[in-house]
Amino acid sequence: MDRVFAALADATRRDIVTRVLHTEASVSELAQKYAMSFAAVQKHVAVLQRAGLVTKERRGRQQLVRGDVDTIRAAARLLEQYEEIWRDRIGRLEQILAEPIEGE
Amino acid sequence: MTVVRTMRDPEALTLTIIAELAAPPSRVWQVWADPRRLERWWGPPTWPATFVAHDFTVGGSAHYYMTGPGGEKAHGWWRFVTVEEPRVIEFEDGFADDAGAPDPEMPTTHAHVELEETADGTRMTVTSRFASTEQMEQLVAMGMEEGIQAAMGQIDGILAEA
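Sequences listed follow chains A and B, in order. For the first sequence, the positions run 1 to 104 when our numbering is used. For the second sequence, the positions run 1 to 162 when our numbering is used.
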């Protein structure tokens with residue numbers, strides 16, 4: 001999981017994940033989207049791959065990169081649960097705000 | 001429910017929660033600034049929070065613990081990065097040892113709180129940014145346990161009244 005964090009710490013890598021989550025893309029297609037070399041993009045993809053955020057599949061001459069929905073989904077589920085914690089907090093906070101003001 | 005909107009960004013590991021509160025920013029500020037008020041809402045009834053230190057200034061830190069149903073204590077620390085009354089609070093939030101010293105092994109959460117005055121009171125926007133999904137798992141595991149315990153407590157209360 002530390003790899004997931006390290007992988008997502010970089011803005012380009014986050015952008016790659018977002019992109020390939022919706023539509024798969026080849027490494028060369030990705031390289032065209034960013035102002036960096038094919039090798040540099042390939043390195044980013046390798047980091048994402050090790051973190052389990054994307055998968056790479058060779059199809060013909062192309063290497064297709066696809067976002068791993070399961071990893072992202074697991075993170076989404078956690079956020080959903082954390083949101084519940086905050087909803088409860090805000091509920092309690094409101095009760096305090098609803099109390100009559102005294103000695104302020 | 002006054003929570004008006006939430007935004008989850010699983011790729012950036014952030015959660016944004018926006019609530020409309022029926023009190024002016026100066027009063028909402030108090031529930032953050034005053035540790036006696038803060039501890040009444042930060043932890044759920046079954047895992048109440050106790051703030052033993054709360055230096056609400058830029059660079060200042062807070063130390064709190066939450067007490068579980070079995071008397072177990074979970075310690076946490078905050079370090080305030082921004083304190084702009086009554087508008088912005090920004091702090092790092094992490095796990096601590098019994099003395100309140102930050103646990104360097106554990107990642108921290110970055111919290112950004114913004115209060116905006118509205119016609120009916122205050123719009124509070126809280127953004128939490130996590131360091132890793134592993135850390136979120138730990139926080140949620142604690143929170144979920146709290147949630148279940150709180151729900152159980154409520155059921156007990158209803159049964160006692162019946």
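Ideal Cβ placement from N, Cα and C applies to all residues, glycine included. Note that the structure is a prediction, hence the values are computed from the model and not measured.
> What's the C-alpha gap between Thr12/A and His44/A?
Replying inline: The alpha-carbon atoms of Thr12/A and His44/A are separated by roughly 8 angstroms.
> Can you give the Cα-Cα distance for Leu48/A and Asp10/A, rounded to whole angstroms?
Replying inline: For the pair Leu48/A and Asp10/A, the Cα-to-Cα distance works out to about 10 angstroms.
> Between the C-alpha atoms of Ala101/B and Thr50/B, what's the straight-line distance to the nearest angstrom?
Replying inline: Going from the Cα of Ala101/B to the Cα of Thr50/B covers about 16 angstroms.
>> My parser needs the beta strand (DSSP E) runs of 3 or more residues fully inside the segment 101 to 133 of chain B; what are they?
In response: Restricting attention to beta strand (DSSP E) runs no shorter than 3 residues, the segment 101 to 133 of chain B encloses them at 109 to 117, 122 to 129, ordered along the chain.
> Are the Cβ atoms of Glu84/B and His110/B separated by less than 8 angstroms?
Replying inline: Their beta carbons are not under 8 angstroms apart, which means Glu84/B does not touch His110/B by this criterion.
> Going by other Cβ atoms of all chains shown within 10 Å of its Cβ, with 16 needed for buried, is Arg36/B buried or exposed?
Replying inline: Looking at its Cβ environment, which holds fewer than 16 other Cβ atoms inside 10 Å, Arg36/B is exposed.
> Span of the beta strand (DSSP E) holding Val88/B?
Replying inline: Here the beta strand (DSSP E) through Val88/B covers 88 to 95.
>> Could you tell me which whole beta strand (DSSP E) segments of length 3 or greater appear in the segment 23 to 61 of chain B?
In response: DSSP runs (the beta strand (DSSP E)) wholly in the segment 23 to 61 of chain B: 49 to 54.
>> Quick check on His22/A: buried or exposed, where buried means 16 or more other Cβ atoms within 10 Å of its Cβ?
In response: By the neighbour-count rule (16 or more Cβ atoms within 10 Å), His22/A is not buried but exposed.
> Can you give the Cα-Cα distance for Phe38/A and Leu21/B, rounded to whole angstroms?
Replying inline: For Phe38/A and Leu21/B, the distance between alpha carbons rounds to 51 angstroms.
>> How far does the alpha helix (DSSP H) with Asp70/A in it extend, from its first residue to its last?
In response: From DSSP, the alpha helix (DSSP H) with Asp70/A extends over 69 to 98.
> Within 10 angstroms of its Cβ, does Gly43/B collect 16 or more other Cβ (buried), or is it exposed?
Replying inline: Buried, by the Cβ-count rule.
> Which residue or residues does DSSP assign as beta-bridge partners of Leu15/B?
Replying inline: For Leu15/B, which the question treats as bridged, DSSP gives the partners Arg8/B, Ser128/B.
>> Going by C-alpha to C-alpha distance, which of Glu134/B, Gly59/B, His54/B sits closest to Tyr65/B?
In response: Distances from the alpha-carbon of Tyr65/B to those of Glu134/B, Gly59/B, His54/B put His54/B closest.
> At a Cβ cut of 7 angstroms, what residues of the segment 7 to 28 of chain A count as close to chain B, listed as they run along the chain?
Replying inline: Correct list: Leu8, Arg14, Val17, Thr18.
> Quick one: what does DSSP say Arg66/A is sitting in, helix, strand or coil?
Replying inline: DSSP places Arg66/A in strand when its eight states are reduced to three.
>> Which same chain residues end up closer than 8 angstroms to Ala12/B when comparing Cβ atoms and leaving out the 5 residues on each side of it in sequence?
In response: The residues are Arg129.
>> Could you check whether Leu79/A and Pro10/B sit closer than 8 angstroms to each other, using their CB atoms as the reference points?
In response: Contact: yes.
>> Determine whether the beta carbon atoms of Val27/A and Val54/A lie at a separation below 8 angstroms.
In response: No, the Cβ-Cβ distance between Val27/A and Val54/A is not below 8 angstroms.
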